[in-house]
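The letter at position 32 of the sequence shown is residue 46 when you use my numbering, and the numbering goes up by one with no holes.
Idealized CB from N, CA, C, for every residue including glycine.
As structure tokens, the structure follows; a few thoughts come after it.
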Amino acid sequence: MNYEYFDCDIDDGVATISSLGPSAPQLQDIGDELVDVLLRLQEDRAVRVILLSDAGVAFDATMGLQSAAEDRTRGEGMENMAAGLDTVRRVVTLMQELGKPVVAAVSGDVRDAGFGLVMAADICMACATATFTLQDMRHGLLPDWGLTYTLPRLIGPNPTLELLWSGRSVTAEEAARMGLVDRVIGADV
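Structural data, given as structure tokens:
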């Protein structure tokens, strides 16, 4: 299955969703594609596990800030933001209710909305060179993709606030110690 923002290949019961590079210009664009592919994979009895792979590029599904500013100028910002957030909710809910394990395999940088997408997976494996960064609040935004729900449950409220407020990057090793990553592996995933 080919989409504009990622590929989905199925081999021996494993569906691999691979990022194709830079994020969609609108949060809703990539979200709509993810909803479509997840619904198809949910119905496919041959698929036993879903692997989210960054394919060596950043897991950065953030909505383009320039695009958001243009929407606001045209008076469309609130409608587009509401539609995008509804799509995000659908993606995260689908991932949690698929009935099939979702594994995130990270080899590059994980930022903002991409961070939320990875944290919605059941298992997260990261290459030792991967980094995890939340900078939404530096732009006056709250984190999305369910992070305000998932992060405190994974690592506790105080470490969550520290990550949100500082915007600092954490290495894969530190992310594993915090409970964000289940396994750190040496080679690219």
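Sorted by chain position, which residues of the same chain lie with C-beta nearer than 8 Å to residue i's C-beta, five sequence neighbours on each side aside?
{"i": "Q110", "result": "A134"}
{"i": "L104", "result": "The sequence as given places Arg at residue 104; Leu does not occur at that position. If we look at R104 and ignore the five residues flanking it on each side, its Cβ neighbours are G45 and V49."}
{"i": "E187", "result": "A142 and V198"}
{"i": "K114", "result": "L55, Q56, V61, R62, V63 and I64"}
Determine which residues share a DSSP beta bridge with residue i and list them.
{"i": "D23", "result": "T30"}
{"i": "V198", "result": "A140"}
{"i": "T147", "result": "R125 and S183"}
Locate the alpha helix (DSSP H) running through residue i, then write down its first and last residues.
{"i": "L65", "result": "Run containing L65: none in the alpha helix (DSSP H); it sits in the beta strand (DSSP E), V63 to S67."}
{"i": "R191", "result": "A186 to M192"}
{"i": "Y17", "result": "Unbroken run through Y17: none, as it is neither H nor E."}
{"i": "W179", "result": "P171 to S180"}
Excluding five sequence neighbours on each side, which residues of the same chain lie with their C-beta closer than 7 Å to the C-beta of residue i?
{"i": "W159", "result": "V102, V106, A127, G130, L131 and A134"}
{"i": "S32", "result": "F20, D21, S67 and A69"}
{"i": "T185", "result": "T145"}
{"i": "R152", "result": "G181"}
From residue i to residue j, what does the alpha carbon distance come to, in whole angstroms?
{"i": "I199", "j": "A140", "result": "6 Å"}
{"i": "R182", "j": "V51", "result": "32 Å"}
{"i": "V120", "j": "I64", "result": "14 Å"}
{"i": "S180", "j": "R59", "result": "43 Å"}
{"i": "M77", "j": "E47", "result": "Residue placement at M77 is flagged as unreliable, the pLDDT there being 46, under the threshold of 50; the coordinate-derived value follows with that caveat. If you take the alpha carbons of M77 and E47, they lie about 14 Å apart."}
{"i": "R167", "j": "L194", "result": "10 Å"}
{"i": "V71", "j": "V117", "result": "Residue confidence for V71 is low, a pLDDT of 49 falling below 50, so the modelled location carries little weight and cannot support an answer."}
{"i": "L178", "j": "P157", "result": "8 Å"}
{"i": "A75", "j": "D25", "result": "Bear in mind that a pLDDT of 49 at A75, under 50, signals an unreliable position, so the model cannot answer this."}
{"i": "T164", "j": "L55", "result": "23 Å"}
{"i": "Q149", "j": "R62", "result": "34 Å"}
{"i": "V28", "j": "G122", "result": "21 Å"}
Just to confirm, does residue i get its C-beta within under 8 Å of one of the non-hydrogen atoms of the ligand MN?
{"i": "V102", "result": "The model depicted lacks the ligand MN and carries no ligand whatsoever."}
Going by beta carbon distance, what residues of the same chain come within less than 6 Å of residue i, once the five residues before and after it are set aside?
{"i": "L108", "result": "L52"}
{"i": "Y17", "result": "E47"}
Practice task
With a floor of 4 residues, list each alpha helix (DSSP H) that falls wholly inside the segment 101-141, ordered by position along the chain.
Solution key: 126-133
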